[in-house]
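So the protein lines, in turn, are chains Z and U. First residue of the first sequence? That's 1 in our numbering, and the numbers climb one at a time after it. First residue of the second sequence? That's 703 in our numbering, and the numbers climb one at a time after it. For every residue, glycine included, the Cβ atom is placed at its ideal position computed from N, Cα and C.
2 protein chains.
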Amino acid sequence: MHKLNQTSWLLLCFMAALVQDRSFADDGLWLFNNPPAKQLQDKYHFAPTTAWLEHIQKSSVRVGRGGSGSFVSPDGLVLTNHHIGSDSLQNLSDATHNYLVDGFYARTSSEEKKCPGLELNVLQSIQDVTDRVNAAVQPSMNAGQAFLARNRVIADIERESQNTTGLHSEVVKLYGGGTYQLYRYKRYTDVRLAFAPEKRIGFFGGDPDNFEYPRFNLDICLFRAYENGQPAQVENYLKVNPQGPSEHDLVFVSGHPGRTNRQLTVSALTDLRDRVLPFQLQTLYRREVLLAAFGAHSLENQRRIDSDLFGIRNSRKRGDGQLASLLSSEFFAARIEDEKAFRAELENQPTLRPVLEAYNRIDQAETEMMKILVSGFLLEGDWRRRGLGFDSRLFRIARTLIRAAVERPKPNGERLAEYRDSNSAPLELQLFSPAPIYDDVEELELSDSLTDLAARLGPEDSLVKQILAGKSPGERARELVSGTKLKDVEVRHQIYEGGAAALEGSSDPMIALATLVDPAARRFRRVFDESSETEQEAYAQIARARFALKGNEIYPDGTGTLRLSFGEVAGYEEDGKTVPAFTTFAGLYQRANDHQNREPFDLPPRWIDRHDKLNLGTRFNFVTTADVVGGNSGSPVVNEAGELVGLIFDGNIQSLAGDFAYSDEQSRSVAVDVAAIIEALEKMYDAKPLVDELVAGKPVSR
Amino acid sequence: MHKLNQTSWLLLCFMAALVQDRSFADDGLWLFNNPPAKQLQDKYHFAPTTAWLEHIQKSSVRVGRGGSGSFVSPDGLVLTNHHIGSDSLQNLSDATHNYLVDGFYARTSSEEKKCPGLELNVLQSIQDVTDRVNAAVQPSMNAGQAFLARNRVIADIERESQNTTGLHSEVVKLYGGGTYQLYRYKRYTDVRLAFAPEKRIGFFGGDPDNFEYPRFNLDICLFRAYENGQPAQVENYLKVNPQGPSEHDLVFVSGHPGRTNRQLTVSALTDLRDRVLPFQLQTLYRREVLLAAFGAHSLENQRRIDSDLFGIRNSRKRGDGQLASLLSSEFFAARIEDEKAFRAELENQPTLRPVLEAYNRIDQAETEMMKILVSGFLLEGDWRRRGLGFDSRLFRIARTLIRAAVERPKPNGERLAEYRDSNSAPLELQLFSPAPIYDDVEELELSDSLTDLAARLGPEDSLVKQILAGKSPGERARELVSGTKLKDVEVRHQIYEGGAAALEGSSDPMIALATLVDPAARRFRRVFDESSETEQEAYAQIARARFALKGNEIYPDGTGTLRLSFGEVAGYEEDGKTVPAFTTFAGLYQRANDHQNREPFDLPPRWIDRHDKLNLGTRFNFVTTADVVGGNSGSPVVNEAGELVGLIFDGNIQSLAGDFAYSDEQSRSVAVDVAAIIEALEKMYDAKPLVDELVAGKPVSR
């Protein structure tokens, strides 16, 4: 599934935003303020207008931190994937209601359920701030000083923007620092669940079918944005075309692709292949085994870890696929050849020759990061500060609290990025989320991650000894989880607001652990941040040189911000056979039957009982050549008229190389057909009011 | 489950056979020629006679290479566990018959199915050969020469014995070389399947319940030994007591515990905890994920990997439990204290002071082995020569063939152990086994293990480059598996018999790969063998000193050979609650019900349909304090009268520390009650003829 999750964290630490110069294929994660006009004209004879672009942009929604979606009614209805909604579905569930497994449908808006910790963001405007950011850096500054100076001015810009417009503001670095742009978002924090199907149809085929095609998934979820306790009234939303797309239609995908790495140097790719991915996969393997074994104990256990386990399996399957593509000799040989040729070009241009130095700086930064790879990720962790040695929500809460107490009194620009004023709202939404925390799951994950920590750093390591405090990992995890008071949201509030003074009086064992680990963790963080900064500068220099040499239309590597992709609805060839573009409901029943309706190919009872009601010829899923990567899950697929015709939920196995290179030969994005959504809502779920709202724009009942 | 499998391989490479001097508890893996007479007399007022011992010994059966069992009728019927029979059940199955899942029952002996590659061994006699072995070693020899000299004389003894008696002969090193004993076995290679229940009742509760108690498993399988095409007539077999045991009964377990490590030095335990187990677990995690994901694709996929996946999960759960016990601070602190105290005693005895040197030799040998831990296990692998970088049956066949061609022309005593004359029969049974080999499973496992190999040694490593031959691991695995001819048993025969000449003419890619890897693999093998030999000598020296100081009854660490354990049928306390000694059929239905009959707590249809026929009060499983470890699976539990009352199939989670230390406070062995076996055979399976044969000793129908 194309959800941005654990797999992405490492990449985000290591990667820069980069340029791309191929234009022969339907590739590209294009900026809304720099759309692929030439490509669209040349290949498809289509010219998007400014109004068309603005409409799509403002209808597109960032869902939480790793997903995409779109407004699909004037009353704030948001369409995204079931697997993007899964965390919320799990958080709303308890031992007697399992909405993730059984689905949910609010017949009226009063039945819609508020989702803890979920936010939506809608991009309102883009403004270039490159000059102001660059002006803050003096030529005399070293890398560390430049990093700080840039952070300071970015924090200023974000805060000023937030204060003057009331919009959530983020400065986005594109082309590795080639440009800086201020993105302003309208933020919705009252988000309620309107509809979700059963997991078994949302994720039909489970892990075996994940990242495969043909597919048969009703991977949809409907939320509604609220303002002032009422459904939000939105001006821009996508009209639904109930027919769905036709084969060879030109379609567009508007969503939030995560970081891509299409311009990594060979040395950085080598580190990724030989060090980063294998390390990351080891962690995923052990967590998958752990959670699967825990879930097998009982249905209630399964419910508690369902969403986490899905995320881990998804990351593992993606990681395995990515590693396989990096290990393919053709891929690597081509990259070595490309780099050699490009460096030769630089060598031949006296003005560009100094750019070769950038490759050495990247090598040095890589060397620094690889030195601390294991310790750094165990103690400090990923971009969400998820230290892999402390895989516990309660620990993350403790770390956020102790760091907030130190960071918030600092000048805004000198703080760690996640504590800047512009990020305080999302940070607090997470920190104070009342989503349930299960002691048994916390103990399980913390105990396992402490075991891994002890094994990797050695139980005789002095910090490990202090962390374990003379106990085994299991005993220590039990003591920490049962002893901490941080399950109580009120306690989090008190400490957060009380700051350093409140911490001084705390005897909370999780707070004490986070405090113990923090000096070492911050040292690793600084190495990551500075090396990453050095790399980005170097990549930006290479990107500018490439631009100077090639001079054609380019798009920056994915940055988790809104992008436009385009392509054709089209099947492909695989092992000498044609994989057709569309599947149908009839194919779903066939596949369930082929597997004797056995998990994960088992249909929900409703889908068996109502089989005869359904038009079995309805198109269910389809594939397009549009370039999508992790983070695109939930993205709307729109046609030339700007109508919604599909909903991205995955890519095929060939698309997994897309983090490093795009090819439209076999790589495909996978979507739910709007025709199937309408048919299922009406015939399976008796959700005529939702159909009316989607198709006819009828107002929601109050 | 107490099957000896992957978890054991590492230990076997590292460990010595050692002594144990505690006598306060029901511990001990006792030798049949040195039974715990004093303990039995003091605690239980029971004195086994020589005839009693001989009868139990000759009724006990070693099943395959890692399991136990017993003769239970004069017509050669053998009782063991379903999970010990699982490889055979899988090998006998195909896409239309799944005996592992659905069970099997031969109503007459003519329906019994011959199991490819399965052998039974029954210990006939034990003879001390210590003097002859020791006489072969001269004081002037260094470690390598002594190793070779000992191997030579052992090979001579085994071959002579085999030639004169016709019995399979093995010299067993006990107490780390304190004594050498010649074990002679009657070997049965025509072994047929008579009965197995459905996997869902044999392994009810699956991975979640594995190594737990209370339990509800009919973990039984019945084979029959054949001679000359007829059921073997055996003089010694266990009479069945259909009542089963009573609480607090004294019972005995006669089986083949694998290597235990109860006398490891603190430094060796530290290596095990910090290096060996974590590395091993990483491999198990990735294989478990790989096979589970493959199996989820279809029922046929599941069938193909079912037995392997069980073995991996079993090893993983055991490894996790063992690591947790090693990480427990109390356990380790106690071991440090023990060692300190013992060393102080040595220090105080001038004659024993030189023994302290043995600790240094163990440290040095450990250091040597840890240096090559990863490369060694990837390229050379475990004691079964299962190189972890080449996890493929076809590769193992290729390696056996190329090594046989080099080893067999050597003098018997100079060969690698597995190629000695005395081992040629079991080696050939495996090598020429017609058990099915599935291309897809081979590709999957080889591709994954080559990926791991490349990641750990680095794709730029020159040997790795040669191994991959410019392909990705996936491409290379496909090419090797589709290119080799070794699936054909006839081809294996030709090469094995043709030797070096046949190999020279071979263009088989798997043969070429094994040949490429062999020089490096053999270098690692030599380090393992020599370091292991050094350690064993040092442990033997420590053991002799311990014996001199303590002087009480001792037993050697497990060596995979026949041992007698004893104990009491007794429940235990856990988390303040009493866990009763027995479970019943009623408890089985309750547990299935508690889990909504959901996998792995789902009952076979037969067990639902015939619920009312069963006496629900029948005792199903029970626990005893008898000391059992991996390898004991399938061991008979007998009472003072020498009657069969139960069948060992597992230990509880507390028993997992048993590889390093025994405690009878909570540690329990878990058995199927004979009463349940009789009741189930009769009421569930209409297997009255089997019941008659078991209970009344009625002859089998021909």
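Report the option in the options whose CA atom is closest to the CA atom of residue i.
i	options	result
Z/E368	Z/R591, Z/E530, Z/A570	Z/E530
Z/G634	Z/V674, Z/D209, Z/N597	Z/V674
U/L920	U/V1340, U/W1309, U/N930	U/W1309
U/L742	U/N836, U/S812, U/F954, U/E860	U/F954
U/Q1356	U/A1035, U/A1026, U/A1283	U/A1026
Z/S298	U/T782, U/K760, U/G908	U/G908
U/G868	U/S827, U/E1130, U/Q840, U/E1235	U/S827
Z/R526	Z/A135, Z/G381, Z/Y359, Z/D27	Z/G381
U/G946	U/N865, U/R764, U/A1283	U/A1283
Z/N301	U/F1362, U/H1297, U/G1348	U/H1297
U/G766	U/H958, U/V839, U/D796, U/D833	U/H958
U/P916	U/F1287, U/F1079, U/P1128	U/F1287
Z/G178	Z/S140, Z/T130, Z/L564	Z/T130
Z/P116	Z/P636, Z/T164, Z/E428, Z/P139	Z/E428
Z/P604	Z/K38, Z/N134, Z/I84, Z/I201	Z/I201
Can you name, in chain order, every residue of its own chain whose Cβ lies under 7 Å from the Cβ of residue i, other than the five neighbours on each side?
i	result
U/M1212	L1096, F1097, A1100, L1182, T1186, L1188
U/V1143	R1006, I1007
Z/V266	R335, I336, E339
Z/R591	F216, F601
U/Y1405	One cannot answer for residue 1405 of chain U here, as it falls past the ends of chain U, which runs 703 to 1404.
Z/E170	E158, Y183, S422
Counting only the same chain and skipping the five closest in sequence on each side, list residues whose C-beta sits under 8 Å from that of residue i.
i	result
U/F726	In this predicted model, U/F726 has a pLDDT of only 47, less than 50, meaning its place in the structure is not dependable enough to derive any value.
Z/H248	E568, V569, A570
Z/P699	P74, D75, E693
Name the DSSP bridge partner or partners of residue i?
i	result
U/I828	U/Y885
Z/N34	Z/L31
Z/D650	Z/V670
Z/A196	Z/F104
Z/H168	Z/Y185
U/R1321	U/T1286
U/D1040	Bridge partners of U/D1040: none, in fact.
If residue i and residue j are in contact, beta carbons under 8 Å, what's the gap, nearest whole angstrom?
i	j	result
Z/L77	Z/A194	7 Å
Z/L450	Z/A469	The Cβ separation is near 11 Å, so there is no contact.
Z/Y105	Z/L89	At roughly 12 Å, the Cβ-Cβ gap does not stay under 8 Å, so Z/Y105 and Z/L89 are not in contact.
U/R1122	U/E860	7 Å
U/K1019	U/F913	6 Å
U/K901	U/V803	5 Å
Z/A225	Z/L79	Incorrect: roughly 12 Å between the Cβ atoms, too far for contact.
U/G997	U/L1011	6 Å
Z/S565	Z/L29	6 Å
Who are the Cβ neighbours of residue i in its own chain at under 6 Å, not counting the five residues just before and after it?
i	result
Z/L416	E407
U/L992	D1150
U/A1382	L920
Can you list the residues of chain C that residue i reaches, using a CB-CB cut of under 7 Å?
i	result
Z/S329	Among the protein chains in the structure shown, which are Z and U, there is no chain C.
For the region 898-910 of chain U, which residues have a beta carbon sitting closer than 7 Å to at least one beta carbon of chain Z? G908, D909, P910
What are the residues of the region 987-998 of chain U that lie near chain Z, defined by any Cβ-Cβ distance shorter than 8 Å? Y987, R988, E990, V991, A994, A995, A998
Between the region 1122-1134 of chain U and chain Z, which residues of the former have CB atoms less than 7 Å from a CB of the latter, in chain order? none
Could you list the residues in the region 1297-1308 of chain U with a C-beta less than 8 Å from some C-beta on chain Z, going in chain order? H1297, Q1298, R1300, E1301, P1302
Taking Cβ-Cβ distances below 7 Å as the criterion, which residues of the region 87-107 of chain Z are in contact with chain U? none
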